[in-house]
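A short worksheet on the structure shown next.
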Amino acid sequence: MESNRCGWCLSSDLYKEYHDQEWGKPVYDDASIFEFLILETFQAGLSWITILNKRENFRLAFEDFDYQKIAKYNTLKEEELLQNSGIIRNKLKVKATITNAVAFMKIQEEFGSFSNYIWGFVDGKPIVNHWKSLSEVPATTPISDALSKDLKKRGFKFVGSTVIYAHMQATGMVNDHVLDCWTRI
Numbered sequence: 508m509e510s511n512r513c514g515w516c517l518s519s520d521l522y523k524e525y526h527d528q529e530w531g532k533p534v535y536d537d538a539s540i541f542e543f544l545i546l547e548t549f550q551a552g553l554s555w556i557t558i559l560n561k562r563e564n565f566r567l568a569f570e571d572f573d574y575q576k577i578a579k580y581n582t583l584k585e586e587e588l589l590q591n592s593g594i595i596r597n598k599l600k601v602k603a604t605i606t607n608a609v610a611f612m613k614i615q616e617e618f619g620s621f622s623n624y625i626w627g628f629v630d631g632k633p634i635v636n637h638w639k640s641l642s643e644v645p646a647t648t649p650i651s652d653a654l655s656k657d658l659k660k661r662g663f664k665f666v667g668s669t670v671i672y673a674h675m676q677a678t679g680m681v682n683d684h685v686l687d688c689w690t691r692i
């Protein structure tokens, strides 16, 4: 018999693996936080499985999500990315990735790390929710609203509250595994 999992991940083995190995596990290193932030911004308006299926292509296209390199991308590099059929070829999202890399490093300078900044919104530890079913899990919260607003004020793009709440879930800032999920901490 298969273990109980959150219902959103049951449609593919890749989804199950992501759910079991990554989703909801606390991430504190800036490189991984940036990767999830970029993937979440590209996911805006699309399904997460679309992004997961292209994750390795994104990793190659964006030089292992190296924000220091991405911050220096020029229009020639943007055009190269827009020709890459392995990623989502959305001009605004490509530009936002570069903009966000620059803003990300400014926050690092101010707070010592991006992790210090973002985890400060949840007092440095995961919020553990107790949802019985997926229908109870919100798309946004007052914290994701506040974080989204602050990121936008700092120059970030494609960081609406829904995107930010998904990022918080992915990086374990919030544990939204349903109560009968086997991965629940």
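Residue numbers for the sequence shown follow my numbering, beginning at 508 and rising by one.
We put the beta carbon where it would ideally sit given N, CA and C, even for glycine.
Residue j and residue i - do their beta-carbons sit closer together than 8 Å?
i	j	result
T690	H526	yes
F621	D683	no
A578	V609	yes
F572	E542	yes
F679	K532	The residue you asked about is not Phe; residue 679 is Gly in the sequence shown. Against a cut-off of 8 Å, the Cβ pair of K532 and G679 comes out as a contact.
I545	Y580	no
S518	I556	yes
S655	I634	no
L641	W515	yes
By how many angstroms is the C-alpha of residue j removed from the C-alpha of residue i?
i	j	result
D520	F628	33 Å
E585	T548	16 Å
C694	Q676	This structure cannot speak to residue 694, because the chain is shown only from 508 to 692.
S554	K523	15 Å
W485	V644	Lying before the first or after the last residue shown, residue 485 is absent from the chain, which here runs from 508 to 692.
L567	I594	10 Å
C688	L589	39 Å
L583	A551	25 Å
F618	I625	10 Å
M508	P649	Legend: pLDDT at M508 = 35, less than 50; position of this residue unreliable, no value from coordinates given.
N597	F663	16 Å
F565	L599	16 Å
Using DSSP bridges, identify the partner residues of residue i.
i	result
N682	V635
Where does residue i land, buried or exposed, given buried means 16+ other C-beta within 10 angstroms?
i	result
N607	buried
A744	Residue numbering for the chain in the displayed model covers 508 to 692; residue 744 lies beyond these limits and cannot be assessed.
K561	buried
A646	exposed
Q575	exposed
A653	exposed
L658	buried
I592	Reading the sequence as shown, one finds Ser at residue 592 and not Ile. By the 10 Å Cβ count, S592 comes out exposed.
Q528	exposed
S510	exposed
When you compare the CB of residue i with every CB in chain B, is at least one pair closer than 8 Å?
i	result
I545	Chain labels in this structure do not include chain B; a single protein chain is all it has.
What first and last residue would you give for the alpha helix (DSSP H) that runs through residue i?
i	result
N607	K598 to F618
V670	S668 to A677
N560	W555 to A568
L641	Counting along the chain, L641 falls outside any alpha helix (DSSP H), and DSSP gives it neither H nor E.
Y525	D520 to Q528
Q575	Y574 to I577
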